[in-house]
Amino acid sequence: RYRSVDPNSIGDIFGKIQGRIAEGIGTNTELLKDVAWLKKNLPFTGEVFLGHLRYGTYGGNTIEACHPFLRQNNWPTRNLIVAGNFNMTNVDDLFSELVELGQHPKEKADTVTIMEKIGHFLDEENDRLYYELKEEGFSKKEATAEIARRLDVAGVLK
Numbered sequence: 096r097y098r099s100v101d102p103n104s105i106g107d108i109f110g111k112i113q114g115r116i117a118e119g120i121g122t123n124t125e126l127l128k129d130v131a132w133l134k135k136n137l138p139f140t141g142e143v144f145l146g147h148l149r150y151g152t153y154g155g156n157t158i159e160a161c162h163p164f165l166r167q168n169n170w171p172t173r174n175l176i177v178a179g180n181f182n183m184t185n186v187d188d189l190f191s192e193l194v195e196l197g198q199h200p201k202e203k204a205d206t207v208t209i210m211e212k213i214g215h216f217l218d219e220e221n222d223r224l225y226y227e228l229k230e231e232g233f234s235k236k237e238a239t240a241e242i243a244r245r246l247d248v249a250g251v252l253k
């Protein structure tokens with residue numbers, strides 16, 4: 096993930112990305128057509144790309160306030176990325192709910208709070224699927240791939 100508060104943010108970000116890609120492929124530009132190789136060997140290649148431009152409305156115009164926000168995990172189906180253009184009026188209530196669940200959110204910003212709220216339900220669905228698959232005889236490694244197939248993101252968001 097690259098973020099920038101540079102006046103030319105898009106140019107700044109894509110300059111960094113293009114540099115990494117050029118470094119990875121060297122002079123073999125044919126590699127740019129090999130999707131499997133790109134996904135395996137280079138950052139910033141995958142199924143989904145997210146670009147979002149929003150100036151901070153609270154807390155200043157710092158790199159920490161730039162979207163998107165990440166909730167990272169070692170398990171692929173527990174990773175979450177959120178960007179939005181909204182201001183929540185009930186952030187204090189939602190934050191309190193998270194604390195009551197035993198979480199310790201890193202800050203009380205609206206985007207972080209909503210990300211952690213979604214993350215709570217994402218974790219619950221991952222756990223439910225894991226125990227279901229364990230009962231079906233899947234190994235941990237097999238379950239990881241099967242969770243990715245069965246995960247109902249729309250259901251998590253409802």
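In the working numbering, the protein residues as written are 96 to 253. Here a beta-carbon is modelled for each residue, glycine too, at the ideal position from N, C-alpha and C.
If you follow the alpha helix (DSSP H) that residue i is part of, which residue opens it and which one closes it?
i, result
"Val207", "Asp205 to Glu230"
"Phe190", "Val186 to Glu195"
"Leu133", "Val130 to Asn136"
"Lys235", "Lys235 to Arg245"
"Glu259", "The shown model of the chain, from 96 to 253, leaves out residue 259, and the question about it has no answer."
"Val251", "Val248 to Leu252"
Provide the residue span of the beta strand (DSSP E) that contains residue i, from first to last.
i, result
"Val177", "Leu175 to Val177"
"Leu165", "Phe164 to Arg166"
Tell me which same chain residues have a C-beta within less than 8 Å of the C-beta of residue i, skipping the five on either side of it?
i, result
"Trp132", "Leu126"
"Asp218", "Arg173"
In chain order, what residues of the same chain have a beta carbon less than 6 Å from the beta carbon of residue i, not counting five sequence neighbours either side?
i, result
"Gly214", "Arg166 and Leu175"
From the DSSP output, in three-state form, read off residue i for me.
i, result
"Gln198", "coil"
"Thr157", "coil"
"Thr172", "helix"
"Thr140", "coil"
Excluding five sequence neighbours on each side, which residues of the same chain lie with their C-beta closer than 7 Å to the C-beta of residue i?
i, result
"Arg98", "Ile158 and Cys161"
"Lys111", "Tyr97"
Could you tell me whether the Cβ atoms of residue i and residue j are closer together than 7 Å?
i, j, result
"Thr206", "Phe233", "no"
"Glu227", "Val251", "no"
"Leu137", "Ile105", "no"
| message | Is it the case that the stretch 188-205 contacts the stretch 224-243, given that we only count it when at least three CB pairs across the two stretches are under 8 Å? | response | Too few Cβ pairs lie closer than 8 Å, so no.
| request: Count the C-beta pairs between the stretch 177-185 and the stretch 208-228 that are closer than 8 Å, then say yes if the count reaches three, no if not. | output: In short, these stretches touch, since the Cβ pair count reaches three.
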